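Have a look at the structure below, then the notes.
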Amino acid sequence: MRENGYCKFVFIGAGSSVFTLRLIGDILKENSINGGHIALVDIDGEVLEETKEAVIHLIHFAKREFEITAHTDYKQAIPDADYVFMTIATGGYERWKQDIRICTDHGVLQSVGDTIGPGGIIRTLRTIPVILDIASAMEKVCPDAWMINYSNPEGAVCLALQKYSRIKNFGLCHGTPDTAQWLAEKVFQVDRERFSYRAAGINHFTWFTDMRIDGEDVYPELSHALNRSGMDKKEPISAELYRIYGCYPAPGDRHVGEFVPYYLKDKILKEKDYEWKNNDFKVVDGWRDQARELFDEVRMHNRGFEKLLEGSGETAANFIRSLNTGEISSEMVNVVNRGYIDNVSQDIIVELPTYIDQFGLHPQKIGRLPDAIAAQCDRLGREYLLMVEAAVSCSYEKVLQAVYLDPLSANCLYPELLLKDLIHANLDLLPEAWKEK
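Following numbering that gives the first Met the number 0, the numbering of the sequence shown begins with 0 at its first residue and continues without gaps.
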């Protein structure tokens with residue numbers, strides 16, 4: 000932040016229109032920010048101009064002063080940036096759907112397919128080279144900026160940035176805070192402000208190590224509360240994992256089920272009728288339609304602004320406030336393990352509570368996780384190490400090893416054939432070296 004609270008924010012992947020608008024809404028509500036420059040970046044020029052138009056309307060409604068620019072080349076946008084938001088999805092929505100189709104043809108079912116499983120692996124190969132190129136450019140023209148990552152696979156991207164870039168960065172996910180709110184309001188049926196917690200693990204596979212209401216330990220009451228509220232039926236996979244491991248996972252069945260291959264088998268899905276089956280994108284299409292309705296309401300009809308200013312549920316604005324003012328906050332962050340979790344290997348990417356102030360990020364010491372959970376995190380973290388190294392060095396050997404370590408690949412008869420099909424289908428978005436593999 001510069002004098003008088005002025006900041007330059009860059010949003011790369013601004014075509015994620017409503018998500019971008021919600022993040023900007025959080026910035027507009029933040030009192031420590033007194034205006035500045037918002038640079039929007041997307042390779043789709045038409046969507047970019049629509050987003051710029053909506054952002055101008057939102058800023059006018061909020062009565063704030065920001066310069067707004069739009070760029071199809073991020074190199075034009077990042078000079079002198081203070082904060083660079085990454086919300087890209089290399090290949091976009093249709094490529095995600097293609098990933099799922101290919102994996103399904105090989106017998107691998109994925110309820111999401113953007114974090115783990117073969118879908119997460121191919122997304123890593125597509126995404127990390129792009130993000131590291133952006134980070135490299137930032138080192139030259141805005142070396143003191145912070146990169147705030149929202150792109151999936153969150154853990155793999157953050158590992159790559161922290162291992163191969165000098166740019167200050169952190170990765171955020173609303174999953175654990177959202178689960179904490181759900182536990183408070185739906186399970187224990189109290190106001191969120193009364194509920195406190197600690198959690199740690201791997202992104203989209205974190206575990207509550209402590210949960211309290213008004214300072215009193217309520218973990219012994221969790222089983223009864225889940226049953227009484229009916230939430231054990233709403234999130235049956237999470238409830239069963241709690242029974243098995245003794246800690247409750249986050250962020251809900253849609254994600255955690257992918258980390259345990261037993262739940263995403265066709266026979267089991269038919270017998271149990273879990274809500275989150277193989278991703279057919281019907282629910283995601285519905286979310287996108289709702290987002291588009293709100294976007295058009297703002298852009299074309301000049302209304303609906305209140306929905307964008309009520310708070311996105313994301314935590315980036317809390318970080319920015321702490322970094323700008325020194326006011327201490329604590330949020331869940333993806334960081335490389337440096338002894339924060341005793342029984343998870345060093346250098347593995349983990350998600351855990353972190354203090355933030357004007358000096359940066361200070362991850363909290365967790366101690367030991369239950370051994371079975373730590374073993375899961377260790378294996379998944381080692382898979383991420385292989386995925387990232389494969390993406391950086393274009394190593395077929397490393398990515399094949401990642402596939403054979405991956406939990407969902409165990410549901411495939413011929414994992415290497417699946418990998419070859421995914422690589423072949425994505426050659427247009429991968430570095431040139433993959434064409435020689």
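A virtual CB, placed ideally from N, CA and C, is assigned to each residue, including glycine.
Given the structure is predicted, the values throughout are model-derived calculations rather than measurements.
Item to check | Assigned exposure category for tyrosine 92 - 16 Cβ within 10 Å defines buried | outcome: exposed
Next on the checklist: Check whether the segment 218 to 238 and the segment 77 to 92 touch, using three or more Cβ-Cβ pairs below 8 Å as the test.
Outcome noted: no
Next on the checklist: Taking the beta carbon of glycine 106 as the centre, do at least 16 other beta carbons fall within 10 Å, making it buried, or is it exposed?
Outcome noted: exposed
Next on the checklist: Quick check: the Cα distance between leucine 22 and isoleucine 212, rounded to an integer number of angstroms?
Outcome noted: 30 Å
Checklist entry - CB leucine 171 to CB glutamate 313, shorter than 8 Å? => result yes
Item to check | Bridge partner(s) assigned by DSSP for phenylalanine 207 | outcome: Ala198 and Tyr247
Next on the checklist: Helix, strand or coil, according to DSSP, for aspartate 72 in the structure here?
Outcome noted: coil
Item to check | Length at least 4, wholly inside the segment 351 to 425: the alpha helix (DSSP H) runs in chain order | outcome: 370 to 392, 395 to 404 and 414 to 424
Checklist entry - Any chance the CB of isoleucine 26 is under 7 Å from a heavy atom of the ligand MG? => result Of the ligands one can find in the structure shown there are none, so the ligand MG has no counterpart to examine.
Item to check | Residue burial classification, aspartate 190 (beta-carbon count within 10 angstroms, cutoff 16) | outcome: exposed
Next on the checklist: Quick check: the segment 373 to 387 against the segment 411 to 421, are at least 3 beta-carbon pairs closer than 8 Å?
Outcome noted: no
Checklist entry - Where does the unbroken alpha helix (DSSP H) through glycine 174 begin, and where does it stop? => result 174 to 181
Checklist entry - Do you know whose CA, among Val9, Pro248, Lys162 and Ala38, lies nearest valine 391's CA? => result Lys162
Item to check | alanine 424 and leucine 124 closer than 8 Å at C-beta | outcome: no
Checklist entry - Tell me the DSSP bridge mates of valine 216? => result The identity of residue 216 in the sequence shown is aspartate, whereas the question assumes valine. Partner(s): Arg211.
Checklist entry - With which residues is asparagine 168 paired in a DSSP beta bridge? => result Met146
Checklist entry - CA-CA distance, leucine 360 and phenylalanine 169? => result 9 Å
Item to check | Rounded straight-line distance, which links the Cα of lysine 266 to that of phenylalanine 318 | outcome: 44 Å
Checklist entry - Pairing CB atoms from the segment 399 to 406 with CB atoms from the segment 113 to 129, are three or more of them under 8 Å? => result yes
Next on the checklist: Taking its Cβ as the centre, do 16 or more other Cβ atoms sit within 10 Å of tryptophan 286, making it buried, or is it exposed?
Outcome noted: exposed
Item to check | DSSP state of glycine 35 mapped onto helix, strand, coil | outcome: strand
Next on the checklist: Contact defined as beta carbons within less than 8 Å: I believe valine 349 pairs with isoleucine 201. What is the distance between those atoms, to the nearest angstrom?
Outcome noted: 6 Å
Item to check | Rounded straight-line distance, which links the Cα of glutamate 330 to that of proline 369 | outcome: 22 Å
Checklist entry - Is any beta-carbon of chain C found at less than 8 Å from that of alanine 136? => result Judged by its chain identifiers, the structure shown contains no chain C, having just a single protein chain.
Next on the checklist: Mapping the DSSP letters down to three states, classify tyrosine 82 as helix, strand or coil.
Outcome noted: strand
Next on the checklist: Using the three-state DSSP reduction, which class does serine 228 fall into: helix, strand or coil?
Outcome noted: helix
Next on the checklist: According to DSSP, is glutamate 234 part of a helix, a strand, or is it coil?
Outcome noted: coil
Item to check | lysine 271 in three-state terms, based on DSSP | outcome: helix
Item to check | Supposed contact pair aspartate 252 and serine 237 - C-beta distance, whole angstroms, cut 8 Å | outcome: 6 Å
Checklist entry - Helix, strand or coil: how does DSSP classify phenylalanine 65 here? => result strand
Next on the checklist: Suppose the cutoff is 6 Å on Cβ atoms and the five residues either side in sequence are ignored; what does the same chain contact list for methionine 230 look like?
Outcome noted: Lys185 and Val186
Item to check | When Leu307, Tyr247 and Phe10 are compared against alanine 61, the one with the closest alpha-carbon | outcome: Leu307
Checklist entry - Cα-Cα, which of Ile32, His70 and Ile26 is closest to leucine 47? => result His70
Next on the checklist: To the nearest angstrom, how far is the alpha carbon of glycine 256 from that of alanine 401?
Outcome noted: 19 Å
Checklist entry - Just reading off the beta strand (DSSP E) that asparagine 317 is part of, what are its end residues? => result Counting along the chain, asparagine 317 falls outside any beta strand (DSSP E), though it belongs to the alpha helix (DSSP H) covering 315 to 324.
Checklist entry - Alpha carbon to alpha carbon, how far is tyrosine 244 from phenylalanine 207? => result 11 Å
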